[in-house]
Each structure stands twice: as C-alpha cells, then as structure tokens.
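K.L.:
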C-alpha cells in the first residue's frame, strides 16, 4: 500500500493535484510560497494533516527563495508563516505546522543554519505524520470486525495526510490484517472528496467500496447495512467537539439514532486545547459557485447559497476519538487536558 | 402566482422540460405514448402528482393516435395503460391516474365516446389536482408562522403538480397571506430538483430562498435556523410510512433530534392503502451514471454506486400529513383507513 501525494526531493516540492483526480494523475511543482498558498486555498492539497505537511515544506521553499536573494532571516519567515496561516481558517494543522517550523528558527541568524533546520523540521513533520497515521490505523483497526460495512465521509487517506491516513488509515490497517471490510463512501458535497478521492484511493488499494450521495447514508443505516462510521477531523476542541467536513454532524446524529458506533480518527496535531467548545471554532464559508457549477448554473446573482465547508459534531455524539496515543473516550475534556499537560511538560508536542 | 408546466390544448400535450431548467425554459410536445413514457422515465416531467396528470393526458394522446388508425378500443388502451404504468415504480399517482382513466371507459365500445370520456377525465384529473393543491396549501399554511425559516427537499411546487404544489403550495399560500417566510432549499442529490427547480420556481414567485447542499441541513438545524420542515411524498402507506425523494428520511431523523416539526404534504391520490407498511413500497434504483456524471467520471466500470431514488420515512417521525381533506395526525392507520372507507363507500376516490 503506497501512494505518494506529497514529495520533497532535491529542494523541489511536488503535490498530486487533487482537483483533477480521478480523471488525471498530475503532479504540481510548487515553486513559491504564493503557489503553496494558492494550492491550499483551491484544494489542490487538502486534508488537515496533509495541509500541515505541505505548509512545512512551503516554508522551506520560501526560505530557499529568500536565500537566493540573500534576504533570508527568521523575522522574514515569521511574516511568511503569518501569511501562510491565512490560507484556510478551520484546520488547525496549518497553524500548528507553521508555528512549529518558526519555533525552531526563532533565535537563529545564520541563513544556512536556518535552511538546514527548516528542512530537517519539515522532513520530521512529514515522517512523524506517516508514523502517526500508522499508529492511528493500528489502534483503530482493533475496533473493526471481520465483515464490517464501514461508512466514511470526505477523504482521510493517502491524499489527506503524509501517510496512510487517519480514518482511512484505520480501514487500510483492518484490510491489511485480512479482515473483510467494505466501505460506503459518501460523495461529500460540494467538492466531492469522497466521490473523487476516497473511492479512487480505496480502489487503488483494492478495498471494496460503494459510492453513495450524502443523503443516502440514512436509509443504509435504517436498513442495517452500516456497522461502523468513521471520519477524520479538521479541529477538535478541548471537550471533543469536532469540526470536520460539512455533513459529518448529520452522520453523527443518524449513527446515534441507529445505535451505530461513530468514531473520529485524528492526530494530536488536530486538537486545539485553546478552544474549549466547538462553537468557538471558526467555520470557513466558501463561494456559492462551488455549489452551483455542478448544476450548470452560472447566473450567480440569482442564487443565494449557504456554503460552509465544515460543521461541528458535539463530543457527546462521538463514541471515541482514535489518536496516535490510543482511543479517547467520553467525557473528553479530562483526557485531552491530561494529554496536553503531559506533552507540554515534556515540551514535545506543543 | 402562476407557471404553466403541463398544458393540453387543441389535442396537443406540452410539458416544460425539467431537465434543462433553470438554464433554459423549453416546452416539449409529447405526440406519442412512447414519448410520454420516455419523458417520465428521463425526469423531463417528475413529481408524483404531475406524473399522474401527464399520464392521464398521455392516454388521451394514445387514444387519438389509435383513433387515427381506426384501432381505438378500450382493450387496446388497457394494454397501453399497463405499459405506461411501468415508466416509474414508486409514485403511486401514475398507476392511480392510469387506472382511473381506464375505469371510465372499460365498458365503452364507441371510439368517439371513448375519446370524449378520456379527454374529460384527464381535464378533470388536472383540474382536481389544481384544487387539491390549493386546499393542501390552505390547510398547511395555518401551520406556518410569520418569520418562519422553512426547510424543504426536492421539488413539490408548480413543476411537480398540476397546480401550485403540495409542500411548496403550503409555502406559496403562507407567502400570499403576507407571512414573511424564507426557504432553505436542499439541492437534492443526485438529480438536483431542489437546486434546479425549487429554487428557480420560488424565485419566479419572489419567495426568499437560500440554496444548500443536502448535508448542510443538519448544521442549520443545530444552529436553530430552521423552524419547520416540509416535504412532499411519492407514496404513503396505510400506517403513514412515506416514500419520498432520497434524503427525506435523514431530514426527519434530524428534525426529531432538534425538536423541529416535520410535515409531509400530499394529496389523497398519493396514499396507497393496499400497502400496510413502508417496507412494502418498491424503491426504484437508478443508474450509477446519474451520480457520477457530476464528477466528470466516465470510467463507470470502476465505480460501484448505490443509487436509490427514494427512501421511506416511518410515520412516527412525521408530525402530520397535510392533505386536501385536512391535516392527519399520528397514529395514521386509523385516520387513513377511515378516509378511504368513506370514499370507497361513495365510490369517489378509489
């Protein structure tokens, strides 16, 4: 199982362009910070952990360019990081990766040293993300029984992370363990990350899957065709409230109504302990055209469209949150506080 | 408020082609039964009551053609009606209208008399449908308060009936009464009857509306932005279980979870007292291409797609069913039985 979606070799950052999948597999060379920001904004790369990895490499690209003009300083990069962090507001990994990169060079003045530290840090972020995915996959796969029909929303696999994925990582690990699993893939309106990306990468890895539109999940649950629901997360508040791709919240309500376990899989970098409750998470509103273009509608003035990219699922609707450190259970506030206290003391994660 | 979507003048049946809206307003002349069946199959006309009206006119068109060849008999038309009834399996109005038409001519042998009876019956079905819509609108509008945000799914207005509509008829009546209402319109995947038809016809009638994708209804409800949910129906069982456009069932679950009233609006012709419970209603499965074409995916073999056109909402999740005879309340079996007993005795409806 492998799929290279982000690569950094010979100082060159390349990403698999997720906007043209599954029709074409095209790699884009991102040569400037502006191109990195543009790629994040236009969803050429998306998925909270993948955005973090690309953001880290993006700062290396920026440092390399500044260095060519002999203007590389920690101060300048701090400005660049600020700009980069504005690309998308909801996923916390973007800010997390940018801050982590800047934190490493804050007190450095030698350009070569800055470059070398940044490169190592970006590679470390990428490598850690791979390992994190593997660990999430291993913990989560213990919850998957042979023969499970698993419902998922959006894309949380190779294309969304630097590794095998979070929610899909759990599926891949279970599949590798020889469990017969089948995945119902929500197409995930408006941008179709399920239809275009998740279905495609599951098939690339020979995992049986069936595509549905988002509004079909309910009747599948009613007909007892879903054993397990698992999604990723874009930001998790201290109490477990989880911002994730629009459409996640209704799945959680439906899962509870039908007594189906609803799990979230996410690395610790997706948690934001500075946010106590979900309603404090900023929700990105995207353009109306994203919804309309599918219907061949270009009379944009005629149409009022509400197009939030995410919704927030209350922690109490989430059966458990699968992290690289194990599976968190309700109530989440205590456990999340404890984990972050632990890492703050070690100075390791935050 | 008016919008002519089905017309029969000078022996010519014309329909507004719903597959090219809202980009173009094109009327199609349906000159043969085959064209009528094709138009129903390909959703050029859809909406349970509208299908009933077009089916009735379709049999007149067939009778006119048979008469030209001097081969018009009740027996032949019975065969045509059988064929017509296969065009779509879920909406009961199709069979209801066809059977009603055939019932009127069963014992007639004179071709001119058959023609004249059929024409009158089709016009009566159309006119009754208009009046039915008005009555449903009047009963239902009593439930709508000034300032309500109303969520609806699929299309149930001028384009779905022979009149102002069922669920949208309720909205139109409330609006006419001067109540400030605003409608959240589910786009209604996979075919987009909400995005293309409902939004368009609400705007034609100056009713404020906002388009959302189906997976956004949940977060609107959570944020207390929805006061009332109303949908139409394609077939209602004796116990109130209601088959309607895929995505209706999850809305009903979400509405109950958020304590929001969930109403169904439908004429008596949509009830099927021969079906005791919803799981006996046949659910049409449509082609995978309907889901895939929006994502520019044409590698159809690669994709497994589950594409049911309808789901079934249990009666217990429905706050009330608005009919032309008043608003039915739970438990439905008794009330529906009583209504049909009443009409069977009079020989009026069934």
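Chains as they are written, first to last, in this note's numbering: chain A, 33 to 382; chain B, 33 to 382. Glycine included, C-beta positions come from ideal geometry on N, C-alpha and C.
If we define contact as Cβ-Cβ less than 8 angstroms, is residue 121/B a contact residue for chain A?
P.N.:
Closer than 8 angstroms: no.
K.L.:
Taking only beta-carbon positions, decide if residue 259/A is within less than 8 angstroms of chain B.
P.N.:
For residue 259/A, the answer is no, since every Cβ of chain B falls outside 8 angstroms of its Cβ.
K.L.:
Below 8 angstroms, can you find three or more Cβ-Cβ pairs linking the segment 280 to 295 of chain B to the segment 99 to 111 of chain B?
P.N.:
Because the criterion of three Cβ pairs below 8 angstroms is not met, the segment 280 to 295 of chain B and the segment 99 to 111 of chain B do not touch.
K.L.:
Ends of the beta strand (DSSP E) at residue 55/B?
P.N.:
Unbroken run through residue 55/B: none, as it is neither H nor E.
K.L.:
Decide if residue 36/A is buried, meaning its Cβ has at least 16 other Cβ atoms within 10 Å, or exposed.
P.N.:
Exposed, because fewer than 16 other Cβ atoms sit within 10 Å of the Cβ of residue 36/A.
K.L.:
Check distances from the C-beta atoms of the segment 325 to 354 of chain B to those of chain A and list, in chain order, the residues that come in under 8 angstroms.
P.N.:
Those residues of the segment 325 to 354 of chain B that come within reach of chain A (Cβ to Cβ, closer than 8 angstroms) are 326, 327, 328, 329, 331, 334, 335, 336, 337, 338, 339, 340, 343 and 344.
K.L.:
Cβ of residue 126/A within 8 angstroms of Cβ of residue 132/A?
P.N.:
Cβ distance not < 8 angstroms, so residue 126/A and residue 132/A don't count as in contact.
K.L.:
Apply the 10 Å Cβ neighbour rule to residue 163/A and answer buried if 16 or more other Cβ atoms are within range, or exposed otherwise.
P.N.:
It is exposed - the Cβ of residue 163/A has fewer than 16 other Cβ atoms within 10 Å.
K.L.:
How long is the line joining the alpha carbons of residue 156/A and residue 195/A, rounded to whole angstroms?
P.N.:
If I take the Cα positions, the gap works out to 13 angstroms.
K.L.:
I need the straight-line Cα distance from residue 317/B to residue 338/B, nearest angstrom please.
P.N.:
Taking the straight line joining both Cα atoms gives about 8 angstroms.
K.L.:
Using only the alpha-carbon positions, how far apart do residue 186/B and residue 62/B sit?
P.N.:
So the alpha carbons of these two residues sit roughly 24 angstroms apart.
K.L.:
Could you name the residues of chain B that residue 221/A contacts, counting a contact when the two beta carbons are closer than 8 angstroms?
P.N.:
Chain B residues near residue 221/A: 219, 221, 245, 246 and 247.
K.L.:
Taking the alpha-carbon of residue 351/A as reference, which of 42/A, 288/A and 302/A has the nearest alpha-carbon?
P.N.:
The option with the nearest alpha carbon to residue 351/A is 288/A.
K.L.:
Please report how far the alpha carbon of residue 336/A lies from the alpha carbon of residue 327/A, in whole angstroms.
P.N.:
Taking the straight line from one Cα to the other gives about 14 angstroms.
K.L.:
So for residue 266/B, helix, strand or coil by DSSP?
P.N.:
Reduced to three states, the DSSP call for residue 266/B is coil.
K.L.:
What would DSSP say about residue 319/A, mapped onto helix, strand or coil?
P.N.:
In the structure shown, residue 319/A sits in coil (DSSP, three-state: anything other than H, G, I, E or B).
K.L.:
The segment 278 to 290 of chain A: which residues have C-beta closer than 7 angstroms to a C-beta of chain B, in chain order?
P.N.:
For the segment 278 to 290 of chain A, which is checked against every Cβ of chain B, the residues closer than 7 angstroms are 278, 279, 281, 282, 285, 286 and 289.
K.L.:
Nearest chain A C-beta to residue 298/B closer than 8 angstroms, yes or no?
P.N.:
No, its Cβ sits nowhere closer than 8 angstroms to a Cβ of chain A.
K.L.:
Determine which residues share a DSSP beta bridge with residue 109/B and list them.
P.N.:
None; residue 109/B has no bridge partner.
K.L.:
Use the C-beta contact count for residue 216/B: other C-beta atoms within 10 angstroms, 16 or more gives buried, fewer gives exposed.
P.N.:
The residue in question, residue 216/B, is buried, as its Cβ has 16 or more Cβ neighbours within 10 Å.
K.L.:
Pick out the complete beta strand (DSSP E) segments inside the segment 266 to 318 of chain A, 3 residues or longer, and give them in chain order.
P.N.:
Qualifying beta strand (DSSP E) stretches, in chain order: 274 to 277 and 294 to 297.
K.L.:
State whether the segment 221 to 233 of chain B contacts the segment 253 to 268 of chain A, with contact taken as three or more CB pairs (one from each stretch) at a distance under 8 angstroms.
P.N.:
These segments do not touch.
K.L.:
Could you give the distance in angstroms between the alpha-carbon of residue 59/B and the alpha-carbon of residue 312/A?
P.N.:
Spanning the two alpha carbons is a distance of roughly 51 angstroms.
K.L.:
Where does residue 334/A sit, in a helix, a strand or coil, going by DSSP?
P.N.:
It is helical.
K.L.:
Since residue 214/B is in the beta strand (DSSP E), which residue starts that stretch and which ends it?
P.N.:
First-last of the beta strand (DSSP E) with residue 214/B: 214 to 218.
K.L.:
Using a Cβ-Cβ distance cut-off of 8 angstroms, determine whether residue 55/B contacts chain A.
P.N.:
Yes, because at least one Cβ of chain A sits closer than 8 angstroms to the Cβ of residue 55/B.
K.L.:
Please state the DSSP three-state secondary structure of residue 81/A.
P.N.:
DSSP places residue 81/A in helix when its eight states are reduced to three.
K.L.:
Mapping the DSSP letters down to three states, classify residue 171/A as helix, strand or coil.
P.N.:
Correct three-state label for residue 171/A: helix.
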